[in-house]
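Novice: One structure is given below, represented as structure tokens, and several questions about it will come after.
Number of protein chains: 2
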Amino acid sequence: MTPVLRAERILDRCDALARCSEATGHLTRVYLSPELRSASQLVLDWMREAGMSVRTDAIGNVIGRYEGAQSGAPALMLGSHLDTVRDAGKYDGMLGVVSAIECVAALTARELRLPFAVEVIGFADEEGVRFGSTLIGSRAVAGTFEPATLDASDARGTTLREALRDYGLDPQRVGEAARRRDQVLAYVELHIEQGPVLESLDLPVGVVTAINGATRYQIEIEGIAGHSGTVPMHLRHDALTAAAQCVLAVEARACGEAHLVATVGKLETMPGAINVIPGKVRFTLDLRAPADEQRQRAARDLSDSLQAICGERGVALTMTTLHENAIAGCAPWLMQQLDAAVTAQGYPLHRLPSGAGHDGMAMQALCDIGMLFVRCKAGISHNPAEAVTLGDVEAGARVLLRFIENFNPEQES
Amino acid sequence: MTPVLRAERILDRCDALARCSEATGHLTRVYLSPELRSASQLVLDWMREAGMSVRTDAIGNVIGRYEGAQSGAPALMLGSHLDTVRDAGKYDGMLGVVSAIECVAALTARELRLPFAVEVIGFADEEGVRFGSTLIGSRAVAGTFEPATLDASDARGTTLREALRDYGLDPQRVGEAARRRDQVLAYVELHIEQGPVLESLDLPVGVVTAINGATRYQIEIEGIAGHSGTVPMHLRHDALTAAAQCVLAVEARACGEAHLVATVGKLETMPGAINVIPGKVRFTLDLRAPADEQRQRAARDLSDSLQAICGERGVALTMTTLHENAIAGCAPWLMQQLDAAVTAQGYPLHRLPSGAGHDGMAMQALCDIGMLFVRCKAGISHNPAEAVTLGDVEAGARVLLRFIENFNPEQES
């Protein structure tokens, strides 16, 4: 039997897409840029070659459709995004689009028509680099695009409205990108993990349980500044030692529970002089969990314990919530079918949450979502060092193809 | 009996000196400035009025001499500095000069001649604000002035050599400011505490045991940066949580031993983004103690425990010593005589180290040193909010006068 899935071709195509960059030497491809048009053109060509009818939708997403046994049937939607962060890796987003096309090519090669259509979508904006608003492509498809976003402007002052026109799209007609619920059976995305879990477990793939919810805080501790030489330890109200205790409390709370992560990413001391006891410390807290209740419980516990730490130390604590995102849970019936595909392909089963955001966060407004993670090297992403192995890419594509072939849209509740 | 010590006059004179400033509204008086000349003139007048012969030495210090029973006898030297930091308080330095003059005025009023001379010195530079080199006045008197300092320049590019000339002094003759060891019996300085210890103990004065030694470090912890959402807690090498543990270890070590103080004054996270696990943290450590051995032992312990913390967490630690100053210990025989004066005046006795630096650090190269601290409000210094009470100023002057009257230069070893 000829191998119908060609993992080398998937990697070659990721390389080809990586050459569609605003500068040579590194990969940067933002929404509605000439390089996004080049990349989209390549993708449209590959979709056509894989036996799909293709189109670009009203927000700039590229869509290929492989009809089922009956023309016009609702579709299983696969895909990911084609835009990148600045100085990006070659697989974040692109691997999901190219792998899905490879799966459809395999169906075409076997002339296999399914009881549903398969669509592959390459979202034009997920990262939000150009207009500061993420998930523009998937929000438009899900019907949750905010028209006010048309007034957002990029670093050069070009508005999204103008950029759409320059790209040949009509800002008035963005709403036409929205799909009807009865047209889409589910959205399933293959993506690199962007974390180190699968590598640490020596697994090529994993089934995602949820795109984690996140709460972000700005925290300020106010103590009393003083001369580092003249104030004895027992008379100090050091904002930094209080903050240090808070940082460790945050770490301990998150370590005590699976899948919860908590990070103090930025911390500043004021006045910040070698011979002055810090009078004020400002730090951030990023709290994520695959269940909203879990995250909210951790947030309450941390608020209490940070308050207690600061109370005991005679310093003042202020916690300000910067933003809060609920989880985007993967549908159990899709997880089960992804599990079955993993097992059928002979890989050990592992479920894990996604700590990073994905298009599924927007797509869940339209349909149930599922995700398949592929191992990446050292968990590195948003970085030119992003890397995957040929074997893992093949594993991901095989699982995805098996999932498509056996996809049963009749969800058991 | 008429009160011979007039504390109100001390405070009035501190107010008068505070008006000798480079700007109205705040006090800044740097070395060899027109305002230092005005302040020096006031001090010379008060010294003369108190019965002293006066002069300005080769580095710009003002000196008043009150002869003993026999003319030309070696002197007990009292004093402090007349320069200030920027936006200074009114008592740091000045209180010691003005209180000493008040004591001599009391001797004069009673026509009391002692078996030794008393000199009062107003050092022209202790803070080092103008030329970045501290203790210029006392180093010159102690004979440890480095001629290379003449080439140091201020913010406008004026060298110390030029500034001395502009002030009417001869840079070639700076060496003449140095005193011979047989001319000086001891150097004793009254100074505000600049810390909160006396206030916390409700004591007006305290006898200083030593000007603390200090070691300063730059410390860097290198971990591994990562996405705050995708790296599970157990796979992290977070430089900040390691640093937080180090900050608490520093605090715990210093709290465990009297008079040891340790401060992390500045801490920076890199890259310092809300959604990135810190890959690198840089922080300072300022370690002070009244005994060099105590400080060195703490330094060794901290180096070991920080290394252990970082080793366990799989992050790399680098500790660089920025500078190290040995202690300037106060002479036991001077402490005993200061103790006796405190007790004789009816105040409870308390000895404490000085966390901040003082002219005694330079003067110890010439003679034994002693210091008397006067309580200040909330430990605040180097700040316009610096404050003392009339009662405490009187207490300080009474103790100093009693010390002078009973001063026995025959030190028992």
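For the record, the sequence lines run as chains W and B. To convert, count from 1 in the first sequence and add 36; that's this note's numbering. To convert, count from 1 in the second sequence and add 36; that's this note's numbering. Each residue gets a CB set at the ideal place from its N, CA and C atoms; glycine is no exception.
According to DSSP, is Gln254 (chain B) helix, strand or coil?
Specialist: In this structure, Gln254 (chain B) counts as strand in the three-state DSSP scheme.
Novice: So the candidates are W:Ala54, W:Glu441, W:Arg73; which of them puts its Cα closest to the Cα of Ala377 (chain W)?
Specialist: Among W:Ala54, W:Glu441, W:Arg73, the Cα nearest to that of Ala377 (chain W) is on W:Glu441.
Novice: Thr266 (chain B): which of W:Asp404, W:Thr266, W:Ala278, W:Leu296 sits nearest, CA to CA?
Specialist: Checked all of W:Asp404, W:Thr266, W:Ala278, W:Leu296; the closest Cα to Thr266 (chain B) is W:Leu296.
Novice: Using alpha carbons as the reference points, say which of B:Asn311, B:Leu205, B:Leu284 lies closest to Ala298 (chain B).
Specialist: Nearest C-alpha to Ala298 (chain B): B:Leu284.
Novice: Between Gly211 (chain W) and Ala275 (chain B), what straight-line distance do the alpha-carbon atoms span, to the nearest angstrom?
Specialist: Looking at the two C-alpha atoms, the distance is approximately 46 Å.
Novice: According to DSSP, is Leu303 (chain B) helix, strand or coil?
Specialist: In this structure, Leu303 (chain B) counts as strand in the three-state DSSP scheme.
Novice: Whose C-beta lies closer than 6 Å to the C-beta of Leu234 (chain W) among residues of the same chain, with five residues either side of it excluded?
Specialist: Contacts found: Gly242, Arg411.
Novice: Pro389 (chain B) by DSSP, collapsed to three states: which one?
Specialist: Residue state, collapsed to three classes: strand.
Novice: The alpha helix (DSSP H) with Glu235 (chain W) in it runs from where to where?
Specialist: Here the alpha helix (DSSP H) through Glu235 (chain W) covers 233-237.
Novice: Quick one: is Gln208 (chain W) buried, meaning 16 or more other Cβ sit within 10 Å of its Cβ, or exposed?
Specialist: So Gln208 (chain W) ends up on the exposed side.
Novice: Cutting at 7 Å between CB atoms, please list the residues of its own chain near Glu460 (chain W), excluding the five before and the five after it.
Specialist: Because chain W in this structure spans residues 37 to 449, residue 460 (chain W) falls outside the shown range and cannot be described.
Novice: Which of the three DSSP states, helix, strand or coil, is assigned to Arg324 (chain W)?
Specialist: Strand, per DSSP.
Novice: Just how far apart, CA to CA, sit Glu155 (chain B) and Cys403 (chain B)?
Specialist: Computed Cα separation, rounded: 14 Å.
Novice: Between which residues of its own chain and Gly301 (chain W) is the CB-CB distance below 8 Å, once the five residues before and five after are set aside?
Specialist: Same-chain partners within the cutoff: Thr320, Asp322.
Novice: Whose Cβ in chain B lies nearer than 8 Å to the Cβ of Trp263 (chain W)?
Specialist: Note that residue 263 (chain W) is His in the sequence shown, not Trp. Per Cβ cutoff of 8 Å: Gln230, Gly231, Gly391, Ala392, Gly415, Ser417, His418.
Novice: Taking 8 Å as the threshold (beta carbon to beta carbon), is Met37 (chain W) in contact with chain B?
Specialist: Below a pLDDT of 50, predicted positions are generally treated as unreliable, and Met37 (chain W), at 40, falls in that range; the measurement from the model is reported next regardless. Met37 (chain W) does not count as touching chain B.
Novice: So with Cβ pairs under 8 Å, would you call Met355 (chain W) a contact of chain B?
Specialist: Answer no: the Cβ-Cβ gap between Met355 (chain W) and chain B never drops below 8 Å.
Novice: Restricting to Cα atoms, I'd like to know which of B:Ala423, B:Thr425, B:Gly415, B:Met399 is closest to Arg216 (chain B).
Specialist: Answer by Cα proximity: B:Met399.
Novice: Please identify the residue among W:Val90, W:Gly115, W:Asp202 whose C-alpha is closest to the C-alpha of Gly132 (chain W).
Specialist: Out of W:Val90, W:Gly115, W:Asp202, W:Gly115 has the C-alpha closest to the C-alpha of Gly132 (chain W).
Novice: Where do the N-terminal and C-terminal ends of the alpha helix (DSSP H) with Arg289 (chain W) fall, by residue?
Specialist: Where Arg289 (chain W) is concerned, the enclosing alpha helix (DSSP H) stretches over 275-291.
Novice: Using a threshold of 8 Å, state whether the C-beta atoms of Ala453 (chain W) and Leu68 (chain W) are closer than that.
Specialist: Because residue 453 (chain W) is not part of the residues shown, which for chain W are 37 to 449, the question remains open.
Novice: Tell me Thr357 (chain W)'s beta-bridge partners as DSSP assigns them.
Specialist: Paired residues: W:Tyr253.
Novice: With a threshold of 6 Å on Cβ separation, who are the neighbours of Thr38 (chain W) within its own chain once the five nearest residues in sequence on each side are excluded?
Specialist: Per-residue confidence for Thr38 (chain W) stands at a pLDDT of 45, beneath the threshold of 50, marking its modelled position as unreliable; no derived number is given.
Novice: Counting only beta-carbon atoms, is Arg349 (chain W) nearer than 8 Å to chain B?
Specialist: So no, Arg349 (chain W) is outside the interface.
Novice: Work out the CA separation of Ala86 (chain B) and Ala199 (chain B) for me, nearest whole Å.
Specialist: If you take the alpha carbons of Ala199 (chain B) and Ala86 (chain B), they lie about 30 Å apart.
Novice: Nearest to Thr354 (chain B) by CA position, among B:Pro389, B:Gly382, B:Ala279, B:Gln332, is which residue?
Specialist: For the residues B:Pro389, B:Gly382, B:Ala279, B:Gln332, the minimum Cα distance to Thr354 (chain B) belongs to B:Ala279.
Novice: Please list the partners that Leu131 (chain W) has in chain B, where partner means a Cβ-to-Cβ separation under 9 Å.
Specialist: Within 9 Å Cβ-Cβ: nothing; Leu131 (chain W) doesn't reach chain B, min ~16 Å.
Novice: Between Ala128 (chain B) and His418 (chain B), which are expected to be in contact by the criterion C-beta below 8 Å, what is the C-beta distance as a whole number of angstroms?
Specialist: Note on identity: in this sequence residue 128 (chain B) is Asp, with Ala being the wrong assignment. That pair is a contact at about 7 Å.
Novice: By the criterion of Cβ-Cβ separation under 8 Å, what are the contact partners of Ser236 (chain B) in chain W?
Specialist: Correct list: Leu271.
Novice: What does the Cβ neighbour count give for Arg55 (chain W), buried or exposed, with the cut at 16 atoms within 10 Å?
Specialist: Result: exposed.
Novice: Take Arg289 (chain B) and list the residues in its own chain whose beta-carbon comes closer than 8 Å to its own, dropping the five residues that flank it on each side.
Specialist: Excluding residues within five positions, the ones whose Cβ falls inside 8 Å are Leu296, Ala298, Ala334, Asp337, Leu338, Ser341.
Novice: Lys302 (chain W) versus chain C: which residues are under 7 Å apart at the beta carbon?
Specialist: Among the protein chains of the structure shown, namely W and B, there is no chain C.
Novice: Measuring only from the beta carbon, is Leu296 (chain B) closer than 7 Å to any heavy atom that is part of the ligand FMN?
Specialist: Absence of the ligand FMN from the depicted structure is noted, as is the absence of any ligand whatsoever, leaving it without description.
Novice: Does the Cβ-Cβ distance between Asn453 (chain W) and Gly173 (chain W) come in under 8 Å?
Specialist: In the structure as shown, chain W begins at 37 and stops at 449. Residue 453 (chain W) is therefore absent and cannot be evaluated.
Novice: Give every residue of the same chain whose Cβ lies closer than 7 Å to the Cβ of Ala325 (chain W), excluding the five residues on either side of it in the sequence, and list them in chain order.
Specialist: Closer than 7 Å at Cβ, skipping near neighbours: Asn248, Gly249, His295, Leu296, Arg331, Ala334.
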